[in-house]
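Enquirer: Pasting a structure here, questions to come.
This is the structure:
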């Protein structure tokens, strides 16, 4: 039984490596908020609550101003 420890250690390290690779592959890409400014306007139009609409409109205005500066 004691001669199996290298095999167990190898399997353990492989599983750790596999989890690390899968977490790296599933990370979302850094999207450019200036690439699609109409998405924020569309979200504001489709919002259910009036408070949410106001907040999303403010966000769209802020992002539009920020993107125009660049």
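Residue numbers (the working numbering): 5 to 74.
Cβ coordinates follow ideal geometry from the N, Cα and C atoms, glycine included.
The structure presented is a predicted model; accordingly, all values stated were derived computationally and were not measured.
Can residue 67 and residue 32 be called in contact, C-beta distance under 8 angstroms?
Expert: Here residue 67 refers to the residue found at position 63 of the chain shown. Here residue 32 refers to the residue found at position 28 of the chain shown. Cβ atoms of residue 67 and residue 32: not closer than 8 angstroms.
Enquirer: Can you find the residues in the same chain that come closer than 6 angstroms, C-beta to C-beta, to residue 57, ignoring five residues on each side of it along the sequence?
Expert: Taking the chain shown and counting its residues from 1, one reaches residue 57 at position 53. Take residue 57, set aside five residues on each side of it, and the residues of its chain with a beta-carbon closer than 6 angstroms to its own are 48 and 51, in chain order.
Enquirer: If you check the beta carbons only, do residue 60 and residue 44 fall under 8 angstroms apart?
Expert: Residue numbering aside, residue 60 sits at position 56 when the chain shown is read from its first letter. Residue numbering aside, residue 44 sits at position 40 when the chain shown is read from its first letter. Yes, the pair counts as a contact, with Cβ atoms nearer than the cut-off.
Enquirer: Note down the Cα distance separating residue 53 from residue 23, rounded to an integer number of angstroms.
Expert: Sequence index remark: in the chain shown, residue 53 carries index 49 (1-based). Sequence index remark: in the chain shown, residue 23 carries index 19 (1-based). One C-alpha to the other measures close to 40 angstroms.
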